[in-house]
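Number of protein chains: 2
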Amino acid sequence: MPEFMDVHHDMAGLTSEQLAEAHRADLAIQSEENVDFKHAWADPDSGVVFCLSEAPNEEAVKKVHQRAGHPTDEVYRVPLQA
Amino acid sequence: MPEFMDVHHDMAGLTSEQLAEAHRADLAIQSEENVDFKHAWADPDSGVVFCLSEAPNEEAVKKVHQRAGHPTDEVYRVPLQA
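The listed protein sequences derive, respectively, from chains X and S.
The first sequence begins at 295 in our numbering and counts up by one.
The second sequence begins at 295 in our numbering and counts up by one.
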């Protein structure tokens, strides 16, 4: 299954609890789109959040994030890793 | 030690071998700046590369990437994870 890194902006001031809740919201529905969100990293100062997932395609990642209430158009397929 | 996610752009067409070589160039000198590059993900279509590291500060991450030949100014401290 391809892996994806997606990026959210404008989340400055995000707390650990809010990140955990947003991640739980993804996990709660991800199986409906065959997505597996593996990890999220957030910088509350700049408001940038990175999410790593496995998914059938970019659209599935976008759909889960949209349905969970934090849409993003910035989704990158990352087939190369080191 | 704080963790950081940094982002490189304009790397479209990057190959697996080039990513591995760039990562090795970081690893070869990272101890001089007390940085530990843990993983890199690349999208050769859009040319975006993400690097996860542990480092004493943002400047140390920038310095290793600069010395290794692939500088970036986009380094985020990511204290929140899920």
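Each residue gets a CB set at the ideal place from its N, CA and C atoms; glycine is no exception.
TODO: Check the DSSP bridge columns for X:Ser-340 and list the partner residues they point to.
DONE: Residue 340 of chain X sits at position 46 when you count from the first residue of the first sequence. X:Ser-340 has no beta-bridge partner at all, per DSSP.
- [ ] With DSSP collapsed to three states, give me the class of X:His-303.
- [x] Taking the first residue of the first sequence as position 1, residue 303 of chain X is located at position 9. It is coil, neither helix nor strand.
TODO: Under 6 Å Cβ to Cβ from X:Asp-320, same chain only, skipping five residues before and after it: list those, please.
DONE: Position 26 of the first sequence, counted from the start, is the residue given in the question as residue 320 of chain X. Around X:Asp-320, the same chain offers Phe-331, Val-358, Ala-362 as residues with beta carbons nearer than 6 Å, after the five sequence neighbours per side are excluded.
Task: 8 Å Cβ shell around X:Gln-375 - same chain, five flanking residues per side excluded - done: Residue numbering aside, residue 375 of chain X sits at position 81 when the first sequence is read from its first letter. Within the same chain, X:Gln-375 has close Cβ partners Glu-297.
Open item on the list: Helix, strand or coil, according to DSSP, for S:Ala-376 in the structure here?
Closed with: Numbered from its first residue, the second sequence carries residue 376 of chain S at position 82. Correct three-state label for S:Ala-376: coil.
- [ ] Using the DSSP secondary-structure output, state which residues sit across from S:Ala-334 in a beta bridge.
- [x] What you label residue 334 of chain S is simply residue 40 of the second sequence in a count that begins at 1. Looking at the DSSP assignment, S:Ala-334 forms a beta bridge with S:Cys-345.
TODO: Give the C-beta separation of X:Ala-306 and X:Pro-350 to the nearest angstrom, bearing in mind that I take them to be a contact with Cβ-Cβ under 8 Å.
DONE: Within the first sequence, the letter at position 12 stands for residue 306 of chain X. Within the first sequence, the letter at position 56 stands for residue 350 of chain X. The Cβ separation is near 32 Å, so there is no contact.
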